[in-house]
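K.L.:
Residue numbers (this note's numbering): 26 to 774. Quick one: structure below, then a few questions.
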């Protein structure tokens with residue numbers, strides 16, 4: 026029995042050695058290294074194997090005769106061999122493959138379109154608002170990205186066509202504070218087709234705090250808008266654009282192992298396309314510069330910021346083009362901020378130290394009526410020290426702030442003589458603040474804080490409180506109250522249409538004769554509904570009560586205070602609604618606001634021009650492909666009020682059809698303030714953008730072209746009404762006509 030089994034085993038082994046097989050080793054044809062994971066196919070038999078780590082492959086039991094052997098591996102040129110398999114034994118085929126780069130089809134990975142309110146990185150608690158530059162670039166209501174206007178809609182408002190500031194919950198433009206990397210900035214806006222004086226290519230995100238503004242930062246009645254500059258990153262990056270209204274460039278990257286920088290420069294040219302020898306067009310230029318450096322220092326992080334903006338605008342004294350070119354009204358303004366901040370973590374505590382110098386200056390020559398010369402300045406120096414600490418259920422913030430503010434304002438006749446108004450003020454400020462946050466349960470969280478300030482010869486108390494109730498996973502309710510004070514106010518006449526080309530705030534501080542300390546008490550109720558990651562709805566109601574307001578408009582029709590001002594108070598109840606919906610190929614936004622602002626002085630009251638009664642904004646952005654987008658934006662404003670102007674006046678916001686921006690004449694507000702009821706404002710804009718990817722060396726360069734066609738409906742929107750003092754004839758002053766607003770190119774690499 027055992028002999029029989031041994032005989033069978035020997036026969037089987039003999040048969041196995043006689044069965045034909047194909048085997049071998051696959052190597053790199055250049056360096057001879059074995060190649061693993063190479064696919065070897067016997068095409069005629071539909072059989073395949075994969076080479077091992079040593080490059081070996083083997084086929085057993087291969088029928089004798091001719092066979093086709095195909096060898097493939099990504100990154101190498103494929104090979105096909107003809108093999109004649111013997112009747113028995115092993116056929117050894119060693120193969121060499123030679124490298125060959127293979128161009129693979131592009132892989133497009135899509136997430137939801139980034140729109141405001143639906144960003145996963147947005148941690149701003151509603152009803153406050155934050156937005157990244159990615160969402161700003163997708164805003165269907167913007168022709169070009171603008172960090173300040175990207176916050177607009179609802180309770181955050183800006184006048185259309187040529188904004189002269191940002192208005193938070195019914196407040197005037199000078200009641201909004203601005204921070205750039207935590208450093209105060211004054212009047213960061215341009216005129217003549219470009220608004221925000223913060224280059225969007227240098228920013229990472231922008232947010233507004235108004236319902237419960239931070240106690241640590243500027244004393245602003247309505248709230249604070251803060252911007253964070255772009256993180257430098259480990260690789261040097263460039264980004265920029267050139268359009269019909271501006272050119273901008275930003276760069277950022279590393280400086281050694283633990284440092285980095287961000288630089289940006291932008292310039293605007295409102296008169297670039299204007300017809301020569303036509304005095305009704307604006308002249309001048311605008312520019313802004315930003316430099317930010319980061320480095321590790323003393324186990325913490327040090328940041329240095331330099332910011333500067335300059336503006337020069339001139340406008341015709343008359344709209345009559347038949348005679349020689351007349352002398353122009355001239356406006357110049359600028360601001361500069363230099364600051365440093367250092368942050369360090371100390372276990373469960375975070376320490377922040379900050380120092381800054383912020384300044385603003387303005388000059389104007391106004392040849393209407395009395396022919397006046399204006400000069401205004403503000404210089405602030407400040408120090409801030411704050412510490413944050415907390416545990417699982419609570420957190421605390423405490424700190425001190427010291428500031429010295431110097432302001433000056435002077436108006437005098439152009440040809441000399443006694444000034445009509447000459448004010449100086451030195452306003453030292455010291456503040457100590459404390460804020461406590463506590464979770465009062467899994468659904469309830471409360472915040473309370475206070476700041477004690479000494480300024481203007483008195484002691485003032487800023488307060489803030491907020492109660493946040495997470496009713497369910499998608500629904501949250503918030504109630505808040507804040508009391509704020511402001512120690513410097515603007516002497517620019519916000520009711521004058523000259524603000525369209527001269528939007529700077531002309532500050533004068535407490536300490537100057539007659540300048541009051543302004544106060545605002547504000548309450549906000551809000552509901553935030555977020556049922557899915559693609560849909561968000563928000564609604565809020567608010568009430569602001571102002572006291573100690575410095576008012577220029579009741580005393581003069583000139584663009585700025587000339588011989589005095591008055592004081593008053595005001596109220597601003599309002600309601601707003603926001604909705605956002607996002608998908609892989611589209612983003613939709615809807616914003617509505619109702620507001621009723623009323624300012625009172627002596628026995629009179631009026632509604633300021635910036636306070637439109639109702640505003641509706643609808644926008645959609647669609648991506649037909651991964652490299653193209655189409656946008657449609659609708660803006661409607663009802664309940665607009667203004668003050669009539671006297672004298673000849675010509676105005677058109679910047680557009681290509683009329684080849685520039687027009688502002689001619691010497692309009693002066695006349696008649697009762699806010700008595701002019703304007704027809705509803707309506708504008709429909711269409712934008713398109715297309716980009717391409719190019720390889721420049723080893724860099725992926727994104728290059729894009731874009732364009733916006735504005736006022737598709739051909740709507741005649743009215744800025745104001747000008748009345749001829751001789752004939753008494755009134756003429757509506759139209760705003761932007763139907764025209765392409767912006768065309769341009771942008772890039773990044």
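Built from N, CA and C at the ideal position, the CB exists for glycine as well.
Distance check for residue 309 and residue 549, CA to CA, integer angstroms please.
P.N.:
To locate residue 549, count along the chain shown from 1; it is residue 524. To locate residue 309, count along the chain shown from 1; it is residue 284. Near 42 Å, if we compare the C-alpha coordinates of residue 309 and residue 549.
K.L.:
Provide the residue span of the alpha helix (DSSP H) that contains residue 463, from first to last.
P.N.:
Within the chain shown, numbered from 1, the residue matching residue 463 stands at position 438. Here residue 463 belongs to no alpha helix (DSSP H); instead the beta strand (DSSP E) covers 446-464.
K.L.:
With DSSP as the reference, identify every bridge partner of residue 725, one or two as the case may be.
P.N.:
Counted from its first residue, the chain shown places residue 725 at position 700. Answer is 720, bridged to residue 725.
K.L.:
Is DSSP giving residue 579 helix, strand or coil here?
P.N.:
The count along the chain shown starts at 1 and reaches residue 579 at position 554. The answer is helix: DSSP assigns residue 579 an H, G or I state.
K.L.:
Helix, strand or coil for residue 175? Go by DSSP, reduced to three states.
P.N.:
Here residue 175 refers to the residue found at position 150 of the chain shown. Residue state for residue 175 is assigned as helix, using DSSP reduced to three classes.
K.L.:
Determine contact between the region 450-461 and the region 196-211, defined as no fewer than three beta-carbon pairs at a distance below 8 Å.
P.N.:
no
K.L.:
In terms of DSSP beta bridges, what is residue 75 paired with?
P.N.:
Here residue 75 corresponds to residue number 50 of the chain shown, with the count starting at 1. Residue 75 pairs with 64.
K.L.:
So for residue 609, helix, strand or coil by DSSP?
P.N.:
The residue given as residue 609 occupies position 584 in the chain shown. In the three-state DSSP reduction, residue 609 falls in the coil class, being neither helix nor strand.
K.L.:
Taking only runs of the beta strand (DSSP E) that begin and end inside the region 300-340, which ones reach a length of at least 3 residues, in chain order?
P.N.:
Qualifying beta strand (DSSP E) stretches, in chain order: 308-322.
K.L.:
Using a Cβ-Cβ cut-off of 6 Å (strictly less than) and excluding sequence neighbours within five positions of residue 555, which residues of its own chain qualify?
P.N.:
Locating residue 555 in the chain shown gives position 530, where the first residue counts as 1. Excluding positions up to five away in sequence, the list reads 499 and 561.
K.L.:
Can you round the beta-carbon distance between residue 524 and residue 189 to whole angstroms, since I take them to be within the 8 Å contact cut?
P.N.:
Mapped onto the chain shown, residue 524 falls at position 499. Mapped onto the chain shown, residue 189 falls at position 164. About 4 Å separates the two Cβ atoms, so the contact holds.
K.L.:
Pull up the distance between the alpha-carbon of residue 364 and that of residue 697, whole angstroms please.
P.N.:
Against the chain shown, residue 364 aligns to sequence position 339. Against the chain shown, residue 697 aligns to sequence position 672. When rounded, the distance between both Cα atoms is 44 Å.
K.L.:
With a cut-off of 8 Å, does the C-beta of residue 192 fall near any C-beta of chain D?
P.N.:
The chain inventory of the structure shown lacks chain D, comprising one protein chain alone.
K.L.:
Can you tell me whether DSSP reads residue 621 as helix, strand or coil?
P.N.:
Here residue 621 corresponds to residue number 596 of the chain shown, with the count starting at 1. If DSSP states are grouped into helix, strand and coil, residue 621 belongs with coil.
K.L.:
If we ignore side chains and look at the alpha-carbon of each, how far apart do residue 54 and residue 652 end up?
P.N.:
Residue numbering aside, residue 54 sits at position 29 when the chain shown is read from its first letter. Residue numbering aside, residue 652 sits at position 627 when the chain shown is read from its first letter. Going from the Cα of residue 54 to the Cα of residue 652 covers about 40 Å.
K.L.:
Count the CB pairs spanning the region 575-594 and the region 620-628 that are closer than 8 Å, and state whether there are at least three.
P.N.:
yes
K.L.:
By the three-class DSSP mapping on this structure, what secondary structure does residue 224 have?
P.N.:
In the chain shown, counting from the first residue as 1, residue 224 sits at position 199. Residue state, collapsed to three classes: coil.
K.L.:
Per the contact definition of three or more C-beta pairs closer than 8 Å, is the region 532-542 in contact with the region 471-485?
P.N.:
As far as the Cβ criterion goes, the region 471-485 touches the region 532-542, which means the pair count is three or higher.
K.L.:
Going by beta carbon distance, what residues of the same chain come within less than 8 Å of residue 373, once the five residues before and after it are set aside?
P.N.:
Taking the first residue of the chain shown as position 1, residue 373 is located at position 348. For residue 373, same chain residues with a beta-carbon under 8 Å away, outside a window of 5 residues either side, are 414, 415 and 416 in chain order.
K.L.:
Which same chain residues, not among the five before or five after residue 35, have their C-beta less than 7 Å away from its C-beta?
P.N.:
Mapped onto the chain shown, residue 35 falls at position 10. Here residue 35 scores only 38 on pLDDT, less than 50, and its place in the model should not be relied on; the value that follows carries that caveat. Closer than 7 Å at Cβ, skipping near neighbours: no residue.
K.L.:
Residue 89: which of 107, 100 and 102 sits nearest, CA to CA?
P.N.:
Within the chain shown, residue 89 is the residue found at index 64, counting from 1. It is 107.
K.L.:
How many angstroms separate the CA atom of residue 679 from the CA atom of residue 175?
P.N.:
In the chain shown, residue 679 corresponds to position 654, counting from 1. In the chain shown, residue 175 corresponds to position 150, counting from 1. Each residue's alpha carbon lies about 19 Å from the other.
K.L.:
Taking DSSP as the reference, what is the three-state secondary structure of residue 524?
P.N.:
What you label residue 524 is simply residue 499 of the chain shown in a count that begins at 1. It is helical.
K.L.:
So, are the CB atoms of residue 67 and residue 92 less than 8 Å apart?
P.N.:
Counted from its first residue, the chain shown places residue 67 at position 42. Counted from its first residue, the chain shown places residue 92 at position 67. Cβ distance < 8 Å, so residue 67 and residue 92 count as in contact.
K.L.:
From the DSSP output, in three-state form, read off residue 44 for me.
P.N.:
Position 19 of the chain shown holds residue 44. Reduced to three states, the DSSP call for residue 44 is coil.
K.L.:
Have a look at residue 158 and residue 248 and give me their C-alpha separation to the nearest angstrom.
P.N.:
On the chain shown, residue 158 is found 133 positions in, with the first residue counted as 1. On the chain shown, residue 248 is found 223 positions in, with the first residue counted as 1. Note on geometry: alpha-carbon atoms of residue 158 and residue 248 lie some 21 Å from one another.
K.L.:
Per DSSP, which residues does residue 426 bridge with? Please list them.
P.N.:
Your numbering for residue 426 matches position 401 in the chain shown. Looking at the DSSP assignment, residue 426 forms a beta bridge with 409 and 456.
K.L.:
Classify residue 377 as helix, strand or coil using the three-state DSSP reduction.
P.N.:
Position 352 of the chain shown, counted from the first residue, corresponds to residue 377. Strand, per DSSP.
K.L.:
Kindly give me the distance between the Cβ atoms of residue 487 and residue 240, rounded to whole angstroms, as I take these residues to be in contact under 8 Å.
P.N.:
Translated into positions along the chain shown, residue 487 becomes position 462. Translated into positions along the chain shown, residue 240 becomes position 215. So it is a contact: roughly 6 Å between Cβ atoms.
K.L.:
Could you tell me the alpha carbon to alpha carbon distance between residue 5 and residue 311, rounded to whole angstroms?
P.N.:
No answer is possible for residue 5: it lies beyond the span of the chain, which begins at 26 and ends at 774.
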